[in-house]
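Peer 1: Just so you know, UniProt numbering puts 5 at position 5 of the first sequence, and the rest follows in order with no gaps.
Quick reminder that beta carbons are idealized off the backbone N, C-alpha and C, glycines included.
Values in this document were obtained by computation on a predicted structure and should not be read as measured data.
First, the structure itself, so that you have it in front of you.
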Amino acid sequence: MAEKELQRSKSVLPIGTVMKLTDLTARQIRYYEEQELVIPQRTDGNRRMYSLNDIDKLLEIKDYLDDGINMAGIKAIYAQQKKRADDMKNESLTDSDVRRILHDEFLNISGFEPNSGPSLHSQRPLK
DNA sequence: ATTCTAACA
DNA sequence: TGTTAGGA
1 MAEKELQRSK SVLPIGTVMK LTDLTARQIR YYEEQELVIP QRTDGNRRMY SLNDIDKLLE
61 IKDYLDDGIN MAGIKAIYAQ QKKRADDMKN ESLTDSDVRR ILHDEFLNIS GFEPNSGPSL
121 HSQRPLK
């Protein structure tokens, strides 16, 4: 069943197809790459080739944008998502630690609304 | 015909 | 983000 994941990971779609599938402009798609949100594979003459997983990621990003979250916020979300994945590997964490982390993440995400500017507040809401 | 990078009347 | 110039 891991074969399907391999297929979804195969980068075979040129940016033109991705544009049609996601309704995003080439400018946006390339910009998100600069923000390190979706890094497509390159081929022959330096052309971007995306995978189905990349498409999903882009659609996901588009949803976050619609919900009024900015680049910084989206980056934060994925950064936290990665942080979360790392935590799963550390059995050394206690339930209390995990809950503190999740609570911390929640506060940070809510701080990335459109108008709420770069006021990247909250850090240690030690209770 | 498509996509790429860089740059901004 | 849009758009365009100049290449590949």
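Where Gln7 and Leu13 are concerned, what is the direct C-alpha to C-alpha distance, given to the nearest angstrom?
Peer 2: Distance between the alpha carbons of Gln7 and Leu13 is about 12 Å.
Peer 1: Buried or exposed for Gly45, please, with buried defined as at least 16 other CB atoms from any protein chain shown within 10 angstroms of its CB.
Peer 2: Exposed: under 16 other Cβ atoms inside 10 Å.
Peer 1: Can you name, in chain order, every residue of its own chain whose Cβ lies under 7 Å from the Cβ of Glu5, other than the five neighbours on each side?
Peer 2: Once the five neighbours on either side are set aside, Glu5 has no close Cβ partner at all.
Peer 1: Look up Leu24 in the DSSP assignment and say whether it is helix, strand or coil.
Peer 2: Of the three classes helix, strand and coil, the one that applies to Leu24 here is coil, per DSSP.
Peer 1: Does the distance from the CB of Ile55 to the CB of Tyr64 come in under 8 Å?
Peer 2: No, the pair does not count as a contact, with Cβ atoms beyond the cut-off.
Peer 1: Please work out which residues of its chain come closer than 6 Å, Cβ to Cβ, to Gly73, disregarding the five sequence neighbours upstream and downstream, and give them in chain order.
Peer 2: Hits under 6 Å: Phe112.
Peer 1: With DSSP collapsed to three states, give me the class of Pro125.
Peer 2: Confidence at Pro125 is low in this model, with a pLDDT of 49, below 50, so its placement is unreliable and no value can be given for it.
Peer 1: Since I believe Pro40 is in contact with Arg27 (beta carbons under 8 Å), could you give me their beta-carbon distance rounded to a whole number of angstroms?
Peer 2: Not a contact, Cβ separation roughly 15 Å.
Peer 1: Counting only the same chain and skipping the five closest in sequence on each side, list residues whose C-beta sits under 6 Å from that of Lys10.
Peer 2: Hits under 6 Å: Ser51.
Peer 1: Excluding the five sequence neighbours on either side, which residues of its own chain have a C-beta within less than 8 Å of the C-beta of Val38, listed in chain order?
Peer 2: The residues are Ile29, Tyr32, Tyr50, Asp54, Lys57, Leu58 and Ile61.
Peer 1: For Gln35 and Lys89, which I take to be in contact (beta-carbon distance under 8 Å), what is that distance rounded to the nearest angstrom?
Peer 2: The Cβ separation is near 26 Å, so there is no contact.
Peer 1: So if DSSP puts Tyr50 in a beta bridge, which residue, or which two residues, is it bridged to?
Peer 2: In DSSP, Tyr50 forms a bridge with Leu13.
Peer 1: By alpha-carbon positions, which one of Pro114, Ile15, Met1 and Arg100 ends up nearest to Asp67?
Peer 2: For the residues Pro114, Ile15, Met1 and Arg100, the minimum Cα distance to Asp67 belongs to Pro114.
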